[in-house]
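Reading through the structure tokens given below for one structure.
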Amino acid sequence: MLARWIPVHRARVARLGSGPGPAAGSPVPAERGFPVAVVAGHGLFAVVTVVLVLLSALGVGKS
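The opening residue of the sequence shown carries number 225 in my numbering; numbering runs sequentially from there.
As structure tokens, then:
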């Protein structure tokens, strides 16, 4: 998600002061509407999930 979002977000920020937006009918990626907090939260949950799976696979916490 991050790899798809970064270029779209950067392009949007670069265009903010450069005049009108995209022409009517031109495709606009859905990723353009994702707020920074949503992308950061999604990444945080992904990292936590991977760490928990690795800890579980290693048997951490078993008696």
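Just so it is clear, CB atoms sit at the ideal spot from N, CA and C, and this is done for glycine as well.
Please report the distance separating the alpha-carbon of Ala264 from that of Lys286.
Here residue 264 refers to the residue found at position 40 when the sequence shown is read from its first residue. Here residue 286 refers to the residue found at position 62 when the sequence shown is read from its first residue. Those two C-alpha atoms are separated by around 32 Å.
In the structure shown, what three-state DSSP assignment does Pro253 receive?
By 1-based counting over the sequence shown, the position of residue 253 is 29. If DSSP states are grouped into helix, strand and coil, Pro253 belongs with coil.
Looking at the secondary structure, which residues open and close the alpha helix (DSSP H) in which Ser287 lies?
Taking the sequence shown and counting its residues from 1, the one referred to as residue 287 is at position 63. Segment: none, Ser287 is in no alpha helix (DSSP H) and carries neither H nor E.
Can Val272 be considered in contact with the ligand MG, in the sense that its beta carbon sits closer than 7 Å to one or more heavy atoms?
The ligand MG is not part of the structure shown, which contains no ligands of any sort.
Let me know the secondary structure DSSP gives Pro231 once reduced to three states.
Locating residue 231 in the sequence shown gives position 7, counting from the first residue. Reduced to three states, the DSSP call for Pro231 is helix.
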